[in-house]
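Chemist: Residues 96 to 161 (our numbering) make up the sequence shown, in order.
The beta carbon of each residue, even a glycine, is placed where N, CA and C say it ideally should be.
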Amino acid sequence: HWVIVQHFCPPLWAIVLAIAVMIGGLLFTLLYDKTGTLGTPVLVHGLGVDLPLLLIVLHLLRTSPY
């Protein structure tokens with residue numbers, strides 16, 4: 096994540112986003128420890144990060160004039 100963040104964000108925001116990513120990692124670790132399965136943190140990551148990103152891309156593709 097850091098490689099992407101540092102290239103597209105100002106330094107202060109890059110640090111804030113890096114901390115947010117670390118907190119997310121801790122959340123995923125706690126989910127794994129609580130459930131004992133990797134599927135739960137993968138599902139939460141997918142629903143929380145990947146699904147909204149996919150919806151944004153699909154919206155942009157539908158509304159693009161090209």
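Where PRO147 and LEU122 are concerned, what is the direct C-alpha to C-alpha distance, given to the nearest angstrom?
Modeler: Locating residue 147 in the sequence shown gives position 52, where the first residue counts as 1. Locating residue 122 in the sequence shown gives position 27, where the first residue counts as 1. Rounded to the nearest angstrom, the two C-alpha atoms are 19 Å apart.
Chemist: Determine the DSSP secondary structure at GLY131, reduced to helix, strand or coil.
Modeler: By one-based count along the sequence shown, residue 131 stands at place 36. Three-state result, GLY131: coil.
Chemist: Could you tell me how far apart the beta carbons of ALA113 and VAL100 are, in whole angstroms, since I believe they sit closer than 8 Å?
Modeler: Within the sequence shown, the letter at position 18 stands for residue 113. Within the sequence shown, the letter at position 5 stands for residue 100. Between VAL100 and ALA113 the Cβ distance is about 6 Å, and since that is below 8 Å, they are a contact.
Chemist: What is the DSSP secondary structure of PRO147, reduced to helix, strand or coil?
Modeler: Locating residue 147 in the sequence shown gives position 52, counting from the first residue. It is helical.
Chemist: Does DSSP classify PRO160 as helix, strand or coil?
Modeler: The residue given as residue 160 occupies position 65 in the sequence shown. Three-state result, PRO160: coil.
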